[in-house]
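Just so you know, the sequences run in chain order E and W.
Numbering of the first sequence is given in my numbering, commencing with residue 820 and proceeding in unit increments.
Numbering of the second sequence is given in my numbering, commencing with residue 891 and proceeding in unit increments.
Just so it is clear, CB atoms sit at the ideal spot from N, CA and C, and this is done for glycine as well.
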Amino acid sequence: MSTTTAPRSRTHNASGGTIVPAHERTLRNRVSLGESIRHSLTMAYRGLLKIRRTPEQLFDVTLQPIIFTVMFTYIFGGAISGDVASYLPVIIPGILVQTVITTSVVTGTQLREDMDQGVFDRFRSLPIARIAPLSGALLADTVRYAIATTLTFVMGFIMGYRPHGGIWSVIGAALLVIVCAWAISWIFAFFGVIARSASSVQGISMIILFPLTFLSNAFVPVDTMPTWLQWFVNINPVSHLVTSVRDVLNTGAFTSEAFLPLIGAAVIVAIFAPLTVRAYMRRA
Amino acid sequence: MNTHTEWAVEADGLVKTFGSNRAVDGVDLRVATGTVYGVLGPNGAGKTTTISMLATLLRPDAGSARIFGHDVQREAQVVRQLIGVTGQYASVDEGLSATENLVLFSRLLGLGRREAKIKANDLLEEFGLTEAASRPLKKFSGGMRRRLDLAASLISQPPLIFLDEPTTGLDPRTRAQMWETIRRLVAGGSTVLLTTQYLDEADQLADRIAVIDRGRVVAEGTGDELKAQVGSSSLELRLGEPQLAQRALGIAERVLGVAGTTSAEAARITVPLSDPERVTDLLIELRGEGIRLEEFSVHKPSLDDVFLSITGKPTEDAETPEGAHA
Ligand SMILES: Nc1ncnc2c1ncn2[C@@H]1O[C@H](COP(=O)(O)OP(=O)(O)OP(=O)(O)O)[C@@H](O)[C@H]1O
Ligand SMILES: [Mg+2]
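Here it is in structure tokens:
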């Protein structure tokens, strides 16, 4: 049969040729910390490549801050703060927190999709750190948060928002939100690992997130709400984060109060990182 | 630990159950280094499950396996450095291009940025994928995907390669290319363990073959040994005039020296074919007698025949769920 039209000029190059026999290889049963970090960075790079390949998946990250900022500001601005300009310092931190936290759900859904894909079998058959696909995903997602944060600030700026605290307060607030969203993404990563399908992750996450972000002080001052609701809004961690971000942006002061959410973030990571990693390793 | 062993794969009593279904039910395998080993079985026989356990993807419920002397459970990370796995379903990233996939896996395997690029390009060229290199995988044909998948398994030049049904769903030309590639790998010193549903393929490629059915190895040996169990090929003749069937059968039995059969409508006769040399004599004889042939074919033993002869039942049975018959 003369069916070999496959290019064979390089017969003994990339794959054939001299295979080093098993017993002549140096083999180790452990992956060092340095290697683990390198593998995680490579997996994060994969996440970024995928974002670049399919920019559609950034729709939520890009459209939500734009639409919400415009919509909420012009609908509620007059009613809540008298005019649009004085509503901006209230709404921009609120939308920032809401958008970035909503974005962190993607960590869970994508992790689930990834683990269901054929490529995951390949990752599991490679001599790489078991944890790399998970840590890589969590790393790559910080880029989403950065994009969402930037867009929200740009929208606010276009509409006339000038934070009192200046550029440093903007950077500080951005970091605060990104760190907290990253911590929260561990919760969704956990759902992603244990759930059956990506859509169920999306479902559970939204049921939890919707009340948390809307029953907060993100869009409306607390004192306009009924007392029973105030009680919830005041213990809602999202409210605390929004308050901190407002304080930093509008006063420029990094008070100890402003760092309270970081403690919360640390607690979330302390609880959910081990849970997620354990559940993940059992499946990976 | 004993590091130098001539066995690439040693599996002892591997068991995997899914619920009440014993997908793999005590499989023993011995694959010698530098050979091609074929695992032959129908749908649901447990081929993929067996490979998954050998490739550290699935934990056996019982039994043990060693790859070049390294235990798949205790030294999983070592085993992963020695194997390349091409699964039944393409295990490449659908969201990336071919180049991006190969670069990604190369980087994960410790190659530098430039080395990874070079490696990816070499492999793409070798597998005839250069033109499609930057196209999204979603637009790849099944054959291209399969080739990319195999290329990805060869990045680290592993001494042992698992190929799960490497040619299922490929057209004849692409299948021949895949066979060529497998032969080339073995010529380079690799050991290959492949699964297939085709006796012909196992026969062509494999030095030894294990036939598995319902999670058990029901026969093991070289292709010739297996075929000897099944019986040889048979010669099938369709006659121009059915009424001459008995005469034709008589001639065939006399020339070939074995008993044949005629089909119900008597236009077809089938005779076991042990010595192809004598076919010429038979044809000449038939023409001499003025018996016209409509069709002439050689029927090779198939997986079905192997099954029929080894288990006494056709392969379809393997698919019917437990209890449906009994
Ligand atoms: N993850 C799983 N969960 C439950 N059952 C499974 C799972 N994987 C395989 N099985 C069952 O185990 C049996 C063997 O499956 P396996 O995929 O190993 O067969 P196979 O020989 O590879 O078949 P095929 O030729 O169709 O690929 C089948 O009955 C299958 O339904
Ligand atoms: Mg299979």
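* To do: Please state whether DSSP places Arg1015 (chain E) in a helix, a strand or coil.
  => In the first sequence, the residue the question calls residue 1015 (chain E) occupies position 196. Reduced to three states, the DSSP call for Arg1015 (chain E) is coil.
* Asked: Roughly how many angstroms lie between the CA atoms of Thr1070 (chain E) and Gly1083 (chain E), to the nearest whole one?
  -> The residue given as residue 1070 (chain E) occupies position 251 in the first sequence. The residue given as residue 1083 (chain E) occupies position 264 in the first sequence. Answer to the nearest angstrom: the Cα atoms are 22 angstroms apart.
* Taking contact to mean at least 3 C-beta pairs separated by less than 8 angstroms, is the segment 936-955 of chain E in contact with the segment 977-990 of chain E? -> no
* Listed by chain order, chain W residues near Gln929 (chain E) by CB distance under 8 angstroms -> Working through the first sequence from its first residue, we reach residue 929 (chain E) at position 110. Under the 8 angstroms cutoff, chain W gives no residues; its nearest Cβ is about 10 angstroms from Gln929 (chain E).
* Asked: Assuming Gly924 (chain W) contacts Gly1079 (chain W) under a Cβ cut-off of 8 angstroms, what Cβ separation, rounded to an integer in Å, is found between them?
  -> Numbered from 1 along the second sequence, position 34 holds the residue referred to as residue 924 (chain W). Numbered from 1 along the second sequence, position 189 holds the residue referred to as residue 1079 (chain W). Confirmed, Cβ separation roughly 6 angstroms.
* To do: Could you pull out every unbroken alpha helix (DSSP H) segment of at least 4 residues lying fully inside the segment 911-999 of chain W, listed in chain order?
  => 937-944, 966-970 and 988-998
* Asked: Between His1059 (chain E) and chain C, is there a C-beta pair that is closer than 8 angstroms?
  -> The chain inventory of the structure shown lacks chain C, comprising the protein chains E and W.
* Asked: Assuming Ile1045 (chain W) and Leu999 (chain W) make a contact with CB atoms under 8 angstroms, what is their CB distance in whole Å?
  -> As a position in the second sequence, residue 1045 (chain W) is number 155, starting the count at 1. As a position in the second sequence, residue 999 (chain W) is number 109, starting the count at 1. About 6 angstroms separates the beta carbons of Ile1045 (chain W) and Leu999 (chain W), which is inside the 8 angstroms limit, making them a contact pair.
* Asked: What are the boundary residues of the alpha helix (DSSP H) that includes Pro1115 (chain E)?
  -> Because chain E here runs from 820 to 1103, residue 1115 (chain E) falls outside it and cannot be looked at.
* What span of residues does the alpha helix (DSSP H) with Pro1056 (chain E) cover, start to end? -> As a position in the first sequence, residue 1056 (chain E) is number 237, starting the count at 1. Its alpha helix (DSSP H) spans residues Pro1056 to Thr1070.
* Between the segment 930-941 of chain E and chain W, which residues of the former have a C-beta closer than 8 angstroms to a C-beta of the latter? -> For the segment 930-941 of chain E, which is checked against every Cβ of chain W, the residues closer than 8 angstroms are Gln936, Gly937, Val938, Phe939, Asp940 and Arg941.
* To do: Return the Cβ separation of Ala1017 (chain E) and Arg931 (chain E) in integer angstroms, given the expectation that the two are a contact with Cβ distance under 8 angstroms.
  => Reading the first sequence from its first residue, position 198 is the one you call residue 1017 (chain E). Reading the first sequence from its first residue, position 112 is the one you call residue 931 (chain E). 4 angstroms between Cβ atoms; contact.
* Near ligand 1: Gln1087 (chain W) beta-carbon under 7 angstroms from a heavy atom -> Counting from one through the second sequence, the residue named residue 1087 (chain W) turns up at place 197. Correct: Gln1087 (chain W) has its Cβ closer than 7 angstroms to ligand 1.
* Of all the CB atoms in chain E, is at least one closer than 8 angstroms to the CB of Tyr1088 (chain W)? -> Stepping through the second sequence from its first residue, residue 1088 (chain W) is reached at position 198. It does not: the Cβ of Tyr1088 (chain W) has no partner Cβ on chain E nearer than 8 angstroms.
* By Cβ distance, which residues of its chain are closer than 7 angstroms to Asp951 (chain W), with the 5 residues on each side in sequence left out? -> Residue 951 (chain W) sits at position 61 when you count from the first residue of the second sequence. For Asp951 (chain W), where only same-chain residues beyond five positions count, the Cβ hits under 7 angstroms are Val905, Lys906 and Thr907.
* To do: Reducing DSSP to helix, strand and coil, say where Arg1128 (chain W) ends up.
  => The residue given as residue 1128 (chain W) occupies position 238 in the second sequence. Here Arg1128 (chain W) sits in strand by DSSP.
* Going along the chain, which unbroken runs of the alpha helix (DSSP H) with 4 or more residues stay wholly within the segment 1031-1085 of chain W? -> Within the segment 1031-1085 of chain W, the complete alpha helix (DSSP H) runs of at least 4 residues are 1032-1043 and 1062-1077.
* Along chain W, in chain order, which residues have C-beta atoms closer than 8 angstroms to that of His858 (chain E)? -> Here residue 858 (chain E) corresponds to residue number 39 of the first sequence, with the count starting at 1. By Cβ distance, chain W contributes Leu998.
* To do: Quick one: which residues of the segment 952-981 of chain E get their C-beta closer than 7 angstroms to a C-beta of chain W? List them in chain order.
  => none
* Where Lys1190 (chain W) falls: helix, strand or coil (DSSP) -> The count along the second sequence starts at 1 and reaches residue 1190 (chain W) at position 300. Looking at Lys1190 (chain W) - three-state DSSP - the assignment turns out to be coil, as it is neither helix nor strand.
* Between the CA atoms of Ala901 (chain W) and Pro1062 (chain W) - distance to the nearest angstrom -> Residue mapping note: residue 1062 (chain W) aligns to position 172 of the second sequence, counting from 1. Residue mapping note: residue 901 (chain W) aligns to position 11 of the second sequence, counting from 1. Their Cα atoms are separated by approximately 33 angstroms.
* Asked: Say the cut is 7 angstroms; is the CB of Thr938 (chain W) nearer than that to a heavy atom of ligand 1?
  -> Residue numbering aside, residue 938 (chain W) sits at position 48 when the second sequence is read from its first letter. Yes, Cβ of Thr938 (chain W) sits closer than 7 angstroms to a heavy atom of ligand 1.
* Exposed or buried, what is Met891 (chain W) when buried is set at 16 or more other beta-carbons lying within 10 Å of its beta-carbon? -> Residue 891 (chain W) sits at position 1 when you count from the first residue of the second sequence. Its pLDDT being 47, under 50, Met891 (chain W) is placed unreliably by the model, and the measurement read from it follows with that caveat. Looking at its Cβ environment, which holds fewer than 16 other Cβ atoms inside 10 Å, Met891 (chain W) is exposed.
* Mapping DSSP to helix, strand and coil, what is Val998 (chain E)? -> Looking up residue 998 (chain E) in the first sequence gives position 179. Note: Val998 (chain E) maps to helix in three-state DSSP.
* Asked: Relative to chain W, which residues along the segment 915-929 of chain E have a C-beta separation below 9 angstroms, given in chain order?
  -> Those residues of the segment 915-929 of chain E that come within reach of chain W (Cβ to Cβ, closer than 9 angstroms) do not exist; the list is empty.
* Asked: Which whole-angstrom value describes the C-beta separation of Ala913 (chain W) and Gly936 (chain W), a residue pair presumed to lie in contact below a C-beta threshold of 8 angstroms?
  -> Indexing the second sequence from 1 puts residue 913 (chain W) at position 23. Indexing the second sequence from 1 puts residue 936 (chain W) at position 46. Indeed, because the Cβ distance is near 5 angstroms, the residues count as touching under 8 angstroms.
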